[in-house]
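Heads up: the structure comes next, in structure tokens.
Protein chains in written order, with our numbering: chain S, 1 to 220; chain A, 221 to 669.
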């Protein structure tokens, strides 16, 4: 059971999310409608995880994202899951680049994923456990962004698949299941990926962040 | 003014509208005359006005003489044909007269008067004449010349005479003293026996000088007013309408932009959230149904897929109306996102030191979107490049593809609509697309406002 603070300005969606979370056995300690209340609610209740929308009142711009970054700067290891209407990679990279690696889970998910309830709950748990999860659609776009000059082109298609799944925060075992290969071959692929991209084969969160940092090119 | 495409073929060039014309001027002489009388009378103003009136009188007489000669010679010789030319020259006499007058007015007017004539491109005498005769300014100058020769020359003459008389009787005691002991008659029939007896005349002379100063000031001011009306560029009715139309067009574009944002917000807050809520409800239903009827589960899965497709469509639609990332992260980020979705590989190199005005960002963004879409659809190009820089407070943005060229900017409505929006921002849009390629679209928009 997770104690969740939820920030979402659309009333219908907020109520739906509260119902979804409650039915799935989590406790919504606060459900608020704007970024200022989100900060107040988190400060007051120290939740296990924060779920926030990107676009929030008062400015209806990226207040939710900014509030999330502010909260992570203040509360060590506070997991944050950002829900977004936009595939735009700028938001994902903003979230990742303004945040130092390895401090609590971080997620950027398209809003429509909440419809896939069990998957959404898995993601929520992963982020709460400290992993980094980026929406597959966003990862796909980030991968497509790479042009000839990038070392990424040296990857084989299978290695790209592994990298994409890695960026979603999956572990080797799950990746192996998804791709219906052995875990050993996933280990081999990821070794190749790190070698080709000149990355330290560090584990978990740092691994994902390094991959994403590399994917998006220069930090914004 | 937005004129049609001009210049080399394949180049669209919507130029910026002219800046609004200056408003009515205040006459410096009249301003000075509103001061205390002592201050005005002991300033340089009376002398300058007198100099202006006097020189105007001489000049007016010369012009009048010249005109009379030209017109009479022209009428006499019109049977031969040369006379017609002389008459035409007389009709244009206003042009040099006005040139002299604009300079002469600097005696009494600190702000220079602007030349109303447009530049003439050709050098031939006949074509110069033709282009001048076609200008309204030429005829207004002729009208001014008439006013100068008929009104200002003679009123100037009157004031000069009064001035001379006043000056003379001011120094009357001196004259009496010089001519004594003979009796001096300053006014016929009234003998003045000695210098002191002439003092009242001096007083009258001084009063006359003051009257002259004010008269000259009034006349000079009137001449300045008239010159301002007839010798300077004039916002005539059609020009004023152009200015008003330009403004109303800008207001319309702003309203249009506001409406786009409202629609985007409504879709975001309404339909999009509803669809997400729907798929969430379907997801919950599926969860509750775990071991239930497989046919129902199948229907729910289908419903979710449909909701998902509707969401995708709606997201693309919203992005086409106004992308949120443009508002939040600016032009470079928004163009990078467009480049990702473009079927052609696109290299984006936009390096701007700061965020640009909203209208500039929006227009530039949609221009790039349109250009990239065109490149992907029609050009046969294998790749495209977008480069953006801020050069001396102007956004200069180029979209280049390596396609076969030959694009006709007049063909599509997309680009001309964007060029219209560009014109509102006083920017321009240039398309260069020689047959065989490459096609380059160049946007230049001032960003200082």
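Even for Gly, the Cβ is constructed at its ideal location relative to N, Cα and C.
Item                                                                                                                                                                                         : Value
To the nearest angstrom, how far is it from the Cα of residue 325(A) to the Cα of residue 575(A)?                                                                                            : 48 Å
Who are the neighbours of residue 581(A) on chain S, taking C-beta pairs under 7 Å?                                                                                                          : Result: empty, since nearest Cβ-Cβ is about 14 Å, beyond 7 Å.
Taking DSSP as the reference, what is the three-state secondary structure of residue 195(S)?                                                                                                 : helix
Opposite residue 107(S) in the DSSP bridges: which residues?                                                                                                                                 : 81(S) and 133(S)
Output, in chain order, the set of chain A residues within a Cβ distance shorter than 7 Å of residue 108(S).                                                                                 : By Cβ distance, chain A contributes nothing, its closest Cβ being about 14 Å from residue 108(S), past 7 Å.
If you measure from the beta carbon of residue 85(S) to each beta carbon in chain A, is any gap under 8 Å?                                                                                   : yes
How close, in whole Å, do the beta carbons of residue 13(S) and residue 51(S) come, if the pair is a contact with beta carbons under 8 Å?                                                    : Not really, about 11 Å apart at Cβ, beyond 8 Å.
Would you call the region 369–386 of chain A and the region 421–435 of chain A touching, i.e. three or more CB-CB distances under 8 Å?                                                       : yes
Measuring straight from C-alpha to C-alpha, what distance separates residue 273(A) and residue 372(A)?                                                                                       : 8 Å
Output, in chain order, the set of chain S residues within a Cβ distance shorter than 8 Å of residue 642(A).                                                                                 : Ordered by position in chain S, no residue passes the 8 Å Cβ test against residue 642(A), which lies about 25 Å from the chain.
Work out the CA separation of residue 533(A) and residue 526(A) for me, nearest whole Å.                                                                                                     : 11 Å
Check residue 161(S) in the structure and name its three-state DSSP category.                                                                                                                : helix
For a contact meaning CB atoms closer than 7 Å, what does residue 553(A) contact in chain S?                                                                                                 : 90
Does the CB of residue 499(A) have a neighbour CB from chain S at under 8 Å?                                                                                                                 : yes
Classify residue 476(A): buried if its beta carbon has 16 or more other beta carbons within 10 angstroms, exposed otherwise.                                                                 : exposed
With a cut-off of 8 Å, does the C-beta of residue 512(A) fall near any C-beta of chain S?                                                                                                    : no
Using DSSP with H/G/I as helix, E/B as strand and the rest coil, what is residue 303(A)?                                                                                                     : helix
Count the other CB atoms within 10 Å of the CB of residue 441(A); is the residue buried (16 or more) or exposed (fewer)?                                                                     : buried
I'd like the span of the beta strand (DSSP E) that includes residue 666(A), first residue to last.                                                                                           : 659–666
I'd like to know whether the C-beta atoms of residue 169(S) and residue 133(S) end up nearer to each other than 8 Å.                                                                         : yes
Are the CB atoms of residue 546(A) and residue 582(A) nearer to each other than 8 Å?                                                                                                         : yes
For residue 504(A), is the classification buried or exposed, using 16 other Cβ atoms within 10 angstroms of its Cβ as the cut-off for buried?                                                : buried
If you drop the 5 nearest sequence neighbours on each side, which residues of the same chain put their C-beta closer than 8 Å to that of residue 161(S)?                                     : 179
Please confirm if residue 328(A) has its CB atom under 8 Å from at least one CB of chain S.                                                                                                  : no
In its own chain, which residues sit with a C-beta less than 7 Å from the C-beta of residue 310(A), not counting the 5 before and 5 after it?                                                : 287, 290, 291 and 294
Taking all protein chains shown into account, decide if residue 119(S) is buried (16 or more other Cβ within 10 angstroms of its Cβ) or exposed.                                             : exposed
Should residue 376(A) go down as buried or exposed, given a rule of 16 or more other Cβ atoms within 10 Å for buried?                                                                        : buried
In whole angstroms, what is the alpha-carbon distance linking residue 542(A) and residue 250(A)?                                                                                             : 56 Å
Over what stretch of residues does the alpha helix (DSSP H) that includes residue 59(S) continue unbroken?                                                                                   : Per DSSP, residue 59(S) belongs to no alpha helix (DSSP H) and is neither H nor E.
For residue 667(A) versus residue 613(A), is the C-beta distance shorter than 8 Å?                                                                                                           : yes
Could you name the residues of the same chain whose beta carbon sits closer than 8 Å to that of residue 670(A), not counting the 5 residues immediately before and after it, in chain order? : A question about residue 670(A) goes unanswered here, because the residues of chain A that appear run from 221 up to 669.
Which residues in the same chain have their Cβ closer than 8 Å to the Cβ of residue 172(S), if we skip the five residues on either side of it in sequence?                                   : 183, 186, 187 and 190
To the nearest whole angstrom, what separates the beta carbons of residue 567(A) and residue 663(A), a pair I think is in contact under 8 Å?                                                 : Their Cβ separation, rounded to whole angstroms, is 17 Å, which puts residue 567(A) and residue 663(A) out of contact at 8 Å.
Exposed or buried, what is residue 413(A) when buried is set at 16 or more other beta-carbons lying within 10 Å of its beta-carbon?                                                          : exposed
Examine chain S for any beta-carbon lying closer than 8 Å to the beta-carbon of residue 502(A), and answer yes or no.                                                                        : yes
Is there a Cβ from chain S that is less than 8 Å from the Cβ of residue 507(A)?                                                                                                              : yes
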